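These notes concern the structure reproduced below.
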Amino acid sequence: MKFCTASLIFGCLLAARPAGAICPALADTNAALARQSLQSRVTFLRTTLEDQRTRTNWWNVGFVTLGFAAGATQVSLAFATDQDGEPGESNRRAFLLVNGGRGLLAGTWTLLMPLRIADASVALTPRDDCAWLARAEADLLATAQFQRQHRSPLGHLVVAVAALASGLTLGLGFDDWRLGGVSAASAIVVGEAQFWLQPMGAVDALQSYTQGRLAIATCSGPVLSVGPSNAGIGIGTQVRF
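No gaps in the numbering here: position 22 of the sequence shown is 60 in the numbering used here, and each next residue is one more.
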């Protein structure tokens, strides 16, 4: 009789146990997150961190390669050209040297101060437990913070200083304000493009996660879309970071 009673109690406890473990939610999160299953939270975090790791690596390697390749090419062309004019004349050698030096500095800057990502949890086997979930949530928080900091006003200030320095070097040093303006404009275009192409998906993913919206985004980068619209066929660029 005692065995039957104990079996009955154990069976009732199993029936009352939730289908999936309930892990604590992050602070300042929407109540909808707590209602999400553990598996859906694990899938969202792992997919997001893997995607941001890939995009971050491509961004770092791409702009380091671009900076060194463009810089080395222009420096090589500078020593190959014979158009070394006097101050006040078009001095293409100085133009190439200034731009090439700036490119090498930009590549070095990106190499020494890359965009970071916290992805330690990705290397671990995702288990359906709260310990892995807490580690992955901490990684997402840190990655979002890294992305915000890397696109801070300081970066735009560095671009502006580099543009001003190259323009003044050619303008004041060689009395060629036309090439100085071209050099400064190219510095701003390339520098700002680098910042605006920086991955920012972790920031958006963190906002979605804390609100309990765990649908996996299919794209978080620049997209060129061609297709029908209300006004007919259209071409548009949809930029999502």
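Backbone N, C-alpha and C define an ideal beta-carbon position, used for all residues, glycine too. Just so we're clear, the structure is a prediction, and the values are computed from it rather than from any experiment.
Around the beta carbon of Val136, 16 or more other beta carbons sit within 10 angstroms, so the residue counts as buried. Taking C-alpha positions only, Val80 is separated from Leu171 by approximately 6 Å. When the Cα atoms are used, Trp96 and Val227 turn out to be separated by approximately 20 Å.
Contact between Asn68 and Thr248 is confirmed by a C-beta separation of about 6 Å, below the 8 Å threshold.
Rounded to whole angstroms, Leu142 and Ser221 show a C-alpha spacing of 15 Å. Around the beta carbon of Gln232, a 10 Å sphere encloses 16 or more other beta carbons of the protein chains shown; the residue is thus reported as buried. For Ala158, the closest C-alpha among the options Arg173, Ser78, His188, Ala72 is that of Arg173.
Within 10 angstroms of the beta-carbon of Ser204 lie 16 or more other beta-carbons, which makes it buried. Under the three-pair Cβ rule at 8 Å, the stretch 196-212 does not count as touching the stretch 104-112. Pairing Gln245 with Val102, the inter-Cα distance amounts to about 30 Å. At a Cβ-Cβ threshold of 8 Å, Glu88 and Val199 do not count as neighbours. At least 8 Å separates the beta-carbon of Met151 from that of Arg189. Annotation note: the stretch 104-154 contains the following uninterrupted alpha helix (DSSP H) runs of length 4 or greater, listed N- to C-terminal: 130-150.
Following the DSSP letters along the chain, one finds Thr248 inside the alpha helix (DSSP H) bounded by residues 239-248.
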